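Comments concern the structure below.
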Amino acid sequence: GAVVSQHPSRVICKSGTSVKIECRSLDFQATTMFWYRQFPKKSLMLMATSNEGSKATYEQGVEKDKFLINHASLTLSTLTVTSAHPEDSSFYICSARDKAFSNQPQHFGDGTRLSIL
Amino acid sequence: AQSVTQPDIHITVSEGASLELRCNYSYGATPYLFWYVQSPGQGLQLLLKYFSGDTLVQGIKGFEAEFKRSQSSFNLRKPSVHWSDAAEYFCAVGYTGGFKTIFGAGTRLFVKA
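Which chain is which? The protein sequence lines are A and B, in order.
In this text, residue positions in the first sequence follow the working numbering: the first is 1, and each later residue adds one.
In this text, residue positions in the second sequence follow the working numbering: the first is 1, and each later residue adds one.
Set out below in structure tokens:
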């Protein structure tokens with residue numbers, strides 16, 4: 001089945017650093033990828049929709065300059081948390097839509113646990 | 001506005017007992033409906049989906065869900081729960097041409113021996 005790989009699975013870094021998270025569709029092309037944030041014991045909150053070759057669409061309340069999204073190819077989207085602070089600590093999950101099957105549900109990565117000290 | 005409600009924050013059932021997780025949605029058109037399961041520290045796995053057609057949908061791991069338009073519900077059921085079913089379950093609705101998905105708050109399932 002369709003596989004989405006997310007890397008790294010866990011990252012711990014100091015406050016003020018920038019962290020990049022990669023989301024790759026391994027066996028399909030994804031024109032659209034989504035980035036979610038999940039707080040402990042909470043649901044997934046959509047942060048942004050990433051479209052290949054164009055700017056990402058951010059949800060209301062999500063800081064564009066804080067969470068930089070790049071979708072340079074049909075198989076890769078990256079989320080960079082810039083100048084990360086402890087309040088950015090969270091579980092980040094990406095998902096991707098298969099270009100060939102646009103009416104099918106998204107395929108999810110396994111998530112990245114980000115901890116800012 | 002679109003919304004998904006899972007009224008039960010957590011549910012505890014005995015192993016072998018039946019299970020029903022509730023989900024209600026609010027959406028102006030015919031929705032795409034999903035149930036996902038998430039184990040601790042993991043991503044989401046799709047259990048089943050409804051787009052159209054038969055309102056009783058079969059999924060993986062012995063789960064099924066029934067779409068009831070009149071009640072705006074999409075409840076998840078399983079006739080006999082196994083200890084390995086303990087996890088967080090999310091109901092979700094997909095909408096718009098961009099196929100955004102919004103999630104319910106989730107229901108944590110505990111299984112007791």
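Here a beta-carbon is modelled for each residue, glycine too, at the ideal position from N, C-alpha and C.
Quick caveat: nothing in here was measured; it's all calculated off a predicted structure.
* To do: Classify B:Ile9 as helix, strand or coil using the three-state DSSP reduction.
  => coil
* Asked: Is there at least one Cβ from chain B nearer than 8 Å to A:Thr49's Cβ?
  -> yes
* On the three-state DSSP scale, how would you describe B:Lys78? -> strand
* Neighbour flag for A:Gly111 against chain B, beta carbons, 8 Å -> yes
* Compute the beta-carbon to beta-carbon distance between A:Ser5 and A:Ala84, rounded to the nearest angstrom, for a pair I have assumed lies under 8 Å. => Not confirmed; about 22 Å, so no contact.
* Asked: On the three-state DSSP scale, how would you describe B:Gly41?
  -> coil
* Closer than 7 Å by C-beta to A:Lys12: which residues in its own chain qualify, once you throw out the five before and the five after it? Chain order, please. => Looking at the sequence shown, residue 12 of chain A is not Lys but Ile. Taken in chain order, the residues that qualify are Ser115, Leu117.
* Can the beta-carbon of B:Asp85 be found less than 8 Å from the beta-carbon of B:Val57? -> no
* **Pair within 8 Å by beta-carbon distance, A:Ser95 and A:Gln106** => yes
* Taking the alpha carbon of A:Thr182 as the point to measure from, which residue in A:Gly109, A:Arg113, A:Pro86, A:Phe101 has its own alpha carbon closest? -> Within the shown structure, residues of chain A are numbered from 1 to 117, placing residue 182 of chain A beyond reach of any answer.
* Minimum C-alpha distance to A:Ala30 - residue among A:Gln60, A:Tyr58, A:Tyr36, A:Ser77 -> A:Ser77
* In whole angstroms, what is the alpha-carbon distance linking B:Leu156 and B:Gln6? -> In this structure chain B extends from 1 to 113, so residue 156 of chain B is not present and cannot be described.
* **Sheet register partners of B:Ala1 (DSSP bridge)** => Partner(s): none; B:Ala1 has no beta bridge.
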